[in-house]
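Respectively, the protein sequence lines represent chains S and L.
Mapping to my numbering: the first sequence position 185 is 185, numbers consecutive.
Basically my numbering = 1-based index in the second sequence + 1000.
Remarks on the structure that follows.
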Amino acid sequence: MIALGQFLEVLIGGLMSGVLYSLVALGFVLIFKASGVFNFAQGAMVLLAGLALVRALDLLVANGFPLWVAIVLGIAFAAAIMATTAWLIERFVIGPLVNQDGLTLFMSTIGVTFVIEGAAEMIFGSDVYPLRLFPTDAWFVLEDVFPGGILVNKLDVWGALIAGILVAGLAIFFQRTKTGRALRAVADDHLAAHSVGIPIGWIWFVVWLAAGLVALVAATVWGTKLGVQFSITFLALKALPVLIIGGLTSIPGAIAGGLIVGAGEKIAEVYLGPSIGGGIEYWFAYVLALAVLLVRPQGLFGERIIERV
Amino acid sequence: MLYREAGQFKTTYAEDMAIFPIRQDRIALAVLLGIAFIGVPLLATFHIWPFGSDYLLWAILLPFLILALAAIGTNILVGYCGQISLGSGAFMAIGAYSAYKLVTGVHIPLAWLSFAISIPPLPVFASILLGGLIAAGVGILFGIPSLRIKGLYLAVATLAAQFFFDWAFLRIPWFTNYAPSGSVNAPELNFFGLIVQSPIERYLLCLLLVTLMALLAKNLVRGNLGRQWMAIRDMDIAAELIGIRPLYAKLTAFAVSSFIIGVAGALWAFVYLGSWEPLAFSIDRSLQLLFMVIIGGLGSIMGSFVGAAFILIVPIMLNLIPAELGVPLSTETIAHFEFIIFGSLICYLLIKEPHGFARLISIGKEKLRLWPFPY
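Listed below in structure tokens is the structure:
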């Protein structure tokens, strides 16, 4: 019973941190679906959003604003920063690179990553800033079934809740609104979409803005967990295997991939780690992705890759 | 006026196929090699400006040469064969640690067979080359997915290599000969009885190796194999239709690239760093190499040198220029500026000149041929 309890605890902890990976992966999927750009800068955008939010909050609270006003204003400020970033990226990088192949676009987003990281740290500072938007203490559930109960972190539950709302919101946005439909049209074939009168530049701005806002949401959760700091950008790298496993074009895939990676790496760390030296978490996700790639290159939920000559 | 090939007639096929068919290019290269092989060591020996101290040799020329070599390796894979790799740093690490293990002697106890594989310590030079070969082997292993997947998906596969080997060299004590701190020291650099110690000797050693390997790479990419790589890069399906085996072409690209990167890694560890830990070959190194290749020019050997020089010199300039102007910046600000400038340059170059500095140089040459007339 203790073993099962421990397993459940590890599994739940893993699934919850998987949700957080999914939050970052969602931003990738949004941009990839709508513009075919593999956005390496998503992690940097999470950092930028987090820094903007936490610095604005600190400043407002220090100037005597009540907490809820500070939070609303801080989020508005961070959202404005993300909107500006989205506009700049669309205007100066992605726009001029229309019709280049995926590799060039991918490399340009690596460039964007560096600019965002440098600029964000130069403007907002480069220390570790604690962010306390959500409770971080733990619950013990099912205490009557398992001795000592199962430890569940409240923050993880919040993260899962937010991810759920976000996915529902995005699904409605993509399926029901005019802009969402235009987005899907652009994703399908941007030349055809252009010729029926969809303003491509505007659509791309909207996509990058949506990715920026998803980054902001991810930043609130991750920032509460780790503090807003530079190492958040490595999340982007962790989100890559999540995407590969889930499939690059699928929003449910991003969630499922995140859960698989989160649960898998925690379980591997706890049950395999001690025998081969620990720290498996560092590479487990990538090797899992490699295995998935060899068996099913399009990922679990991705559309089959068909190449035409 | 000076750079014009009028009157240089070629009478044999061999002349037609030369690496540098234009006489002025050959002269320029000879002058450059003369300066590098004779001029620099002479100036450094007598401490004539700008070699007053060993700073230029140690902090700029030595890393430049080794990283240029690694950039050539990366360029073969990314620029010539079109297989994007984010794992170059890991292959440098494999070269470095393999060479280290070979030079200190390998001992693998196979307890369940009551038997142990032992290789006596090898000479430094053999270890470096064998380290490259081991990196090539691992490169082939991680290149196998490239037969099924490509582009961004492959980037993730190479990222898996990067993170796995980062972890392996950090956590598996066997690789570091159970060093308690996790950092290892290079052996004495004994090349056939000649002990390489002073900066000038190290510089000459690297220069010699880099020149030879650059020549090798240049000849490979303009030969049969290189053309196969480029065909695969430009359109793999079409290449397959005209009879190029993707398996062979892609895996040879991985092997050659990893070999060169592995040798560069071993040199970086043995000749430049002296003592190192896995952090020296992290994902940052991989991205740095990728940038050198993009900025220098995808699919150009010379571009790898230009890119390496650029990436190394920009931070130094950023350090020097504000200090000269009387606005000294903090190291933190400089690091941030570096990020911003690199990032913007990459975006700018990708938009304006996707072929990097190498292309700019060849445009310059075209202009020079017509100079002083506009056409």
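Virtual Cβ for every residue (Gly too), placed ideally from N, Cα, C.
Where residue i sits in the DSSP three-state scheme
| i | result |
| --- | --- |
| L/Asn-1185 | strand |
| S/Tyr-129 | strand |
| S/Phe-65 | coil |
| L/Ser-1330 | coil |
| S/Phe-92 | helix |
| S/His-194 | helix |
| L/Leu-1212 | helix |
| L/Gln-1196 | The displayed chain sequence assigns Val, not Gln, to residue 1196 of chain L. Note: L/Val-1196 maps to coil in three-state DSSP. |
| L/Trp-1276 | strand |
| L/His-1107 | strand |
| S/Val-228 | strand |
| S/Leu-151 | strand |
| S/Asn-39 | coil |
| S/Ala-256 | helix |
| L/Ile-1022 | coil |
| L/Ile-1119 | strand |
| L/Asn-1177 | coil |
| S/Asn-99 | coil |
| S/Phe-140 | strand |
| S/Phe-32 | helix |
| L/Phe-1191 | strand |
Any C-beta of chain S under 8 Å from that of residue i
| i | result |
| --- | --- |
| L/Gly-1151 | yes |
| L/Val-1156 | yes |
| L/Thr-1331 | no |
| L/Arg-1222 | no |
Beta-carbon spacing of residue i, residue j below 8 Å
| i | j | result |
| --- | --- | --- |
| S/Leu-243 | S/Val-112 | no |
| S/Leu-131 | S/Gly-212 | no |
| L/Leu-1069 | L/Val-1210 | yes |
| S/Met-107 | L/Ile-1346 | yes |
| S/Ala-86 | S/Trp-208 | yes |
| L/Leu-1152 | S/Phe-38 | yes |
| L/Leu-1154 | L/Gln-1083 | yes |
| S/Ala-236 | S/Val-24 | yes |
| L/Leu-1360 | L/Glu-1353 | yes |
| S/Val-221 | S/Ile-165 | no |
| L/Ile-1301 | L/Ile-1072 | yes |
| L/Ala-1266 | L/Gly-1131 | yes |
| S/Lys-178 | S/Gly-14 | no |
| S/Pro-274 | L/Ile-1149 | no |
| L/Val-1078 | L/Leu-1325 | no |
C-alpha gap between residue i and residue j, whole angstroms
| i | j | result |
| --- | --- | --- |
| S/Gly-36 | L/Leu-1110 | 50 Å |
| S/Gly-247 | S/Ala-187 | 15 Å |
| L/Lys-1218 | L/Gly-1307 | 16 Å |
| L/Ala-1249 | L/Glu-1240 | 10 Å |
| S/Val-69 | S/Val-54 | 14 Å |
| L/Phe-1091 | L/Leu-1056 | 27 Å |
| L/Ala-1044 | L/Leu-1065 | 17 Å |
| S/Asp-137 | L/Val-1314 | 47 Å |
| L/Phe-1175 | S/Tyr-271 | 24 Å |
| L/Phe-1169 | L/Pro-1278 | 6 Å |
| S/Ile-256 | S/Gly-223 | The question names Ile, but residue 256 of chain S in the sequence shown is Ala. Cα-Cα distance, rounded: 23 Å. |
| L/Val-1040 | S/Val-287 | 46 Å |
| S/Gly-5 | L/Ile-1134 | 45 Å |
| L/Tyr-1097 | L/Leu-1141 | 18 Å |
| L/Phe-1337 | L/Tyr-1348 | 16 Å |
Cβ-Cβ separation, residue j to residue i (assumed contact under 8 Å), whole Å
| i | j | result |
| --- | --- | --- |
| L/Ala-1136 | L/Ala-1264 | L/Ala-1136 to L/Ala-1264, Cβ: 13 Å. No contact. |
| S/Gly-74 | S/Gly-258 | About 26 Å separates the two Cβ atoms, so there is no contact after all. |
| S/Ala-289 | S/Gln-42 | At roughly 16 Å, the Cβ-Cβ gap does not stay under 8 Å, so S/Ala-289 and S/Gln-42 are not in contact. |
| L/Gly-1303 | L/Asn-1075 | 7 Å |
| L/Tyr-1203 | L/Leu-1061 | 6 Å |
| L/Phe-1339 | L/Gly-1296 | Actually they are not in contact, since the Cβ atoms of L/Phe-1339 and L/Gly-1296 sit about 19 Å apart, beyond 8 Å. |
Within-8 Å CB hit, residue i to chain L
| i | result |
| --- | --- |
| S/Ser-275 | no |
| S/Gly-201 | no |
| S/Val-287 | yes |
| S/Leu-30 | no |
| S/Ser-195 | no |
| S/Met-122 | yes |
| S/Lys-37 | In the sequence under discussion, the amino acid at residue 37 of chain S is Val, which differs from the Lys named in the question. No - not a single Cβ of chain L is within 8 Å of the one on S/Val-37. |
| S/Ser-22 | no |
| S/Ile-81 | no |
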